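Counting the sequence shown from 1 gives a position; the working numbering is that position plus 24.
Report on one structure; see the data block that follows.
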Amino acid sequence: MTKITAIIPTFNEESNIQKALDSVDFADEIIVIDSFSTDKTVEIVKASKAILLQRTFDNFSSQKNYAIEKASNEWIFLLDADETVQENLKEEILQIVNSKVDFDAFHVFRNFFFKNKKLHFSGWRRDKVIRLFRKDSCRYVGKVHEEISTERKVGFLSGKINHYSFKNYHQYKNKLKNYAKLQAKELLEKGLFVTPYHLFLKPFVRFFIQFFIQLGFLDGYRGFVISWVHAYGVWRRYVEVLKLKYTASTNIKKPIENFDSSNEKKDVSVIIVNYKSWKHLKNCLDAFTHFKQEKFSFEVIVVDNQSNDGKLVEFSKKYSKFMFIENSGNNGFANGCNLGAIHSVGKNMLFLNPDTIANENAIHKMLECLHSDENFGIVSCNQLNNNGSFEDADRIFPGPLTLFGITRAMYRYLAKKTKQDDQKIFTDWVSGSVVCMSRKWFEKVQGWNEDYWMYFEDVDICKKVRDAKGEVVLLKDVNIIHNHGGASRINIKTSKITKSEVLISKHVYIRNHFKNLTRFLLITLLVLMSLFSKMLLAIIGICFFFVPKLKLNLYLFLEMIQYYNHSLKKGTWLSKRSMNLPFKKEH
25 MTKITAIIPT FNEESNIQKA LDSVDFADEI IVIDSFSTDK TVEIVKASKA ILLQRTFDNF
85 SSQKNYAIEK ASNEWIFLLD ADETVQENLK EEILQIVNSK VDFDAFHVFR NFFFKNKKLH
145 FSGWRRDKVI RLFRKDSCRY VGKVHEEIST ERKVGFLSGK INHYSFKNYH QYKNKLKNYA
205 KLQAKELLEK GLFVTPYHLF LKPFVRFFIQ FFIQLGFLDG YRGFVISWVH AYGVWRRYVE
265 VLKLKYTAST NIKKPIENFD SSNEKKDVSV IIVNYKSWKH LKNCLDAFTH FKQEKFSFEV
325 IVVDNQSNDG KLVEFSKKYS KFMFIENSGN NGFANGCNLG AIHSVGKNML FLNPDTIANE
385 NAIHKMLECL HSDENFGIVS CNQLNNNGSF EDADRIFPGP LTLFGITRAM YRYLAKKTKQ
445 DDQKIFTDWV SGSVVCMSRK WFEKVQGWNE DYWMYFEDVD ICKKVRDAKG EVVLLKDVNI
505 IHNHGGASRI NIKTSKITKS EVLISKHVYI RNHFKNLTRF LLITLLVLMS LFSKMLLAII
565 GICFFFVPKL KLNLYLFLEM IQYYNHSLKK GTWLSKRSMN LPFKKEH
């Protein structure tokens with residue numbers, strides 16, 4: 025006699041599970057695959073003859089397929105916890121599995137019950153699902169509303185399953201909400217672009233078909249309610265897609281989740297992120313080889329963003345006392361800094377560009393300043409360019425009055441009053457080319473924000489320090505040489521990327537630090553200004569294409585067009601290079 029395994033998936037089904045278990049009493053083996061229920065479901069199952077399996081839920085297909093693999097018998101009968109098997113179906117199943125049949129799977133029709141009253145129309149008259157099938161030739165596919173996939177013949181059974189899905193309006197509506205969230209993830213991964221058609225026309229069409237064409241009105245008010253709530257389910261599905269698109273990048277893993285704040289074996293860890301800037305990196309590292317370490321101990325960590333030019337091995341041999349880490353790709357400045365920090369053992373961290381040349385006295389003074397006040401979250405210093413000029417020491421956070429150069433200059437002249445003394449400027453933010461901070465503050469602000477691939481990550485980390493009631497300090501009497509742009513502005517192709525990333529990161533910063541109407545207005549203004557100004561410069565670039573710097577404007581305009589197109593499709597302001605891009609493919 026052929027044996028059958030019945031499988032019942034559960035999650036918080038204490039009100040249903042006993043009836044479901046009783047209705048599969050014809051099975052030789054019963055497996056309950058539970059998603060760690062928090063009610064009495066598990067307790068009820070353990071009191072029965074069923075085998076209890078528990079597994080973290082990821083999607084319906086994998087959950088059911090896991091249980092199928094554990095089944096001992098050739099034939100599988102699957103029943104949802106809110107279903108029961110009619111007596112004539114039990115007899116039919118036993119007859120089928122103990123006879124020679126040409127089918128490997130069978131459809132079973134279902135009766136849908138609305139508050140224990142059967143619906144005769146509303147799209148449920150011919151509701152059928154494959155529930156009886158052979159283990160070796162059938163598996164579930166699809167993350168939501170999963171179906172059996174088989175290459176063999178599929179037959180039909182005459183007996184039915186009773187489906188008690190609708191207990192009350194709020195319960196069923198919440199059920200559809202959960203389905204919508206799961207479906208939204210699947211649709212977003214497929215690249216769906218939500219339009220008014222999805223939000224308005226499709227729900228209306230669903231209601232019209234179910235209530236009128238499928239004769240839902242003959243089921244009375246129950247037909248209206250079920251048609252209405254299913255239309256809501258369609259609408260909710262696409263709302264969830266939009267929610268995922270515009271919020272997915274904020275629900276990311278912590279960038280420094282493996283950071284050990286207690287690992288303090290050196291006074292300072294110098295972290296340098298490099299990408300094909302070996303000429304400048306050599307000068308930077310040479311300076312550290314002459315440090316005497318009398319005032320402080322240090323380590324140097326170089327994170328190479330996969331330059332792939334053969335230089336990494338050469339440099340790691342030449343500067344064997346320093347640590348070299350090859351990143352998994354050109355993952356951006358913020359990601360490289362976080363990777364270096366995770367491997368660091370310094371009580372403090374000094375983040376430097378490879379095109380800087382530091383001196384021992386400057387670092388010592390920054391460390392002294394950092395230790396002088398626990399509210400000093402970030403300390404930096406003057407940066408001396410190779411032409412003898414100093415970089416701007418008093419920088420202002422972007423905002424409604426400071427987003428563009430002209431308004432920023434007016435604000436600086438008319439309203440901005442930066443606190444400072446003879447030695448220090450308490451500025452809004454400092455350049456990421458020289459950033460010194462304690463291990464404690466680095467952990468407090470959760471490191472560098474990997475939303476940014478390049479640029480504005482320094483503005484962002486300073487903003488986080490200021491939001492946490494910390495100070496950003498620039499030392500007036502301390503200098504570090506900075507060959508500005510030497511690490512990134514090498515040629516036209518590189519300049520196109522770096523200049524476009526400045527604009528892109530400005531969009532990301534507004535998205536991250538402003539809310540509601542202010543964010544909407546600033547983003548709208550930035551998009552319009554960017555398109556208008558870059559289009560004018562692109563026209564000039566076309567006219568004077570033989571001048572490389574003017575030709576660059578055309579490339580930059582096209583790059584921004586691609587970015588805005590990418591933003592519309594993906595529903596995010598993040599750069600396509602950002603490590604936090606939703607559903608970004610792994611390397």
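Just so you know, even glycine gets a beta-carbon here, dropped at the ideal spot from N, CA and C.
Remember, predicted model here, so these are calculated numbers, not experimental data.
For residue i, name the three-state secondary structure that DSSP assigns.
{"i": "residue 595", "result": "coil"}
{"i": "residue 419", "result": "strand"}
{"i": "residue 171", "result": "strand"}
{"i": "residue 297", "result": "strand"}
{"i": "residue 361", "result": "helix"}
{"i": "residue 373", "result": "strand"}
{"i": "residue 78", "result": "strand"}
{"i": "residue 479", "result": "coil"}
{"i": "residue 140", "result": "coil"}
{"i": "residue 65", "result": "helix"}
{"i": "residue 40", "result": "coil"}
{"i": "residue 265", "result": "helix"}
{"i": "residue 288", "result": "coil"}
{"i": "residue 304", "result": "helix"}
{"i": "residue 352", "result": "coil"}
{"i": "residue 188", "result": "strand"}
{"i": "residue 612", "result": "Here the chain has residues from 25 to 611 only, and residue 612 is not among them."}
{"i": "residue 500", "result": "strand"}
{"i": "residue 322", "result": "strand"}
{"i": "residue 180", "result": "strand"}
{"i": "residue 52", "result": "coil"}
{"i": "residue 220", "result": "helix"}
{"i": "residue 30", "result": "strand"}
{"i": "residue 583", "result": "helix"}
{"i": "residue 571", "result": "coil"}
{"i": "residue 506", "result": "strand"}
{"i": "residue 495", "result": "strand"}
{"i": "residue 511", "result": "For residue 511, the pLDDT reaches just 47, beneath the cut-off of 50, and the residue's location in the model is therefore unreliable, although a value from the coordinates is still provided. Residue 511 falls in the coil class under three-state DSSP."}
{"i": "residue 58", "result": "strand"}
{"i": "residue 243", "result": "helix"}
{"i": "residue 328", "result": "strand"}
In whole angstroms, what separates the C-alpha of residue i from that of residue j?
{"i": "residue 127", "j": "residue 30", "result": "18 Å"}
{"i": "residue 547", "j": "residue 531", "result": "7 Å"}
{"i": "residue 41", "j": "residue 235", "result": "31 Å"}
{"i": "residue 334", "j": "residue 517", "result": "21 Å"}
{"i": "residue 514", "j": "residue 494", "result": "Residue confidence is low: residue 514 scores 47 on pLDDT, short of 50, so the model does not pin down where it sits. No coordinate-derived value is stated."}
{"i": "residue 600", "j": "residue 552", "result": "21 Å"}
{"i": "residue 591", "j": "residue 422", "result": "21 Å"}
{"i": "residue 155", "j": "residue 51", "result": "13 Å"}
{"i": "residue 597", "j": "residue 400", "result": "31 Å"}
{"i": "residue 425", "j": "residue 246", "result": "56 Å"}
{"i": "residue 456", "j": "residue 94", "result": "55 Å"}
{"i": "residue 218", "j": "residue 262", "result": "7 Å"}
{"i": "residue 173", "j": "residue 336", "result": "50 Å"}
{"i": "residue 482", "j": "residue 90", "result": "47 Å"}
{"i": "residue 135", "j": "residue 104", "result": "13 Å"}
{"i": "residue 77", "j": "residue 33", "result": "9 Å"}
{"i": "residue 241", "j": "residue 485", "result": "59 Å"}
{"i": "residue 519", "j": "residue 528", "result": "14 Å"}
{"i": "residue 419", "j": "residue 576", "result": "27 Å"}
{"i": "residue 392", "j": "residue 66", "result": "60 Å"}
{"i": "residue 237", "j": "residue 146", "result": "9 Å"}
{"i": "residue 151", "j": "residue 25", "result": "31 Å"}
{"i": "residue 70", "j": "residue 188", "result": "23 Å"}
Residue i and residue j look like a contact to me (Cβ under 8 Å); what is the Cβ gap, rounded to whole Å?
{"i": "residue 186", "j": "residue 137", "result": "6 Å"}
{"i": "residue 167", "j": "residue 83", "result": "4 Å"}
{"i": "residue 442", "j": "residue 451", "result": "6 Å"}
{"i": "residue 297", "j": "residue 360", "result": "3 Å"}
{"i": "residue 68", "j": "residue 38", "result": "6 Å"}
{"i": "residue 269", "j": "residue 594", "result": "7 Å"}
Taking 7 Å as the line, does the beta carbon of residue i fall inside it for any heavy atom of the ligand MN?
{"i": "residue 43", "result": "Absence of the ligand MN is noted for the structure shown, with no ligands found whatsoever."}
Using 8 Å as the Cβ pair cut-off and three pairs as the minimum, do the region 317 to 334 and the region 378 to 388 touch?
-> A contact between stretches requires three or more CB pairs, one per stretch, nearer than 8 Å, and the region 317 to 334 meets this requirement with the region 378 to 388.
Can you list the alpha helix (DSSP H) stretches of 4 or more residues lying completely in the region 94 to 163, in chain order?
-> 111 to 121, all fully within the region 94 to 163.
Any chance you could list the beta strand (DSSP E) runs of at least 3 consecutive residues sitting entirely within the region 381 to 466, in chain order?
-> 400 to 408, 448 to 450, 458 to 462, all fully within the region 381 to 466.
Please confirm if the region 108 to 124 is in contact with the region 57 to 69, defined as three or more CB-CB distances below 8 Å between the two stretches.
-> For the pair of segments examined, the region 108 to 124 was found not to touch the region 57 to 69: the number of CB pairs separated by less than 8 Å stays below three.
How about the region 372 to 379 and the region 297 to 317: do they share at least three Cβ pairs that are nearer than 8 Å?
-> They touch, by the three-pair rule.
Is there contact here, the region 286 to 297 with the region 363 to 371, by at least three beta-carbon pairs under 8 Å?
-> With a cut-off of 8 Å, the region 363 to 371 and the region 286 to 297 count as touching, because enough Cβ pairs lie within range.
Count the C-beta pairs between the region 339 to 348 and the region 470 to 478 that are closer than 8 Å, then say yes if the count reaches three, no if not.
-> By the Cβ criterion, the region 339 to 348 is not in contact with the region 470 to 478, since fewer than three pairs of Cβ atoms, one from each stretch, lie closer than 8 Å.
Would you call the region 198 to 208 and the region 253 to 267 in contact, with 3 or more CB pairs under 8 Å?
-> Judged by Cβ distances under 8 Å, the region 198 to 208 makes contact with the region 253 to 267, as three or more pairs qualify.
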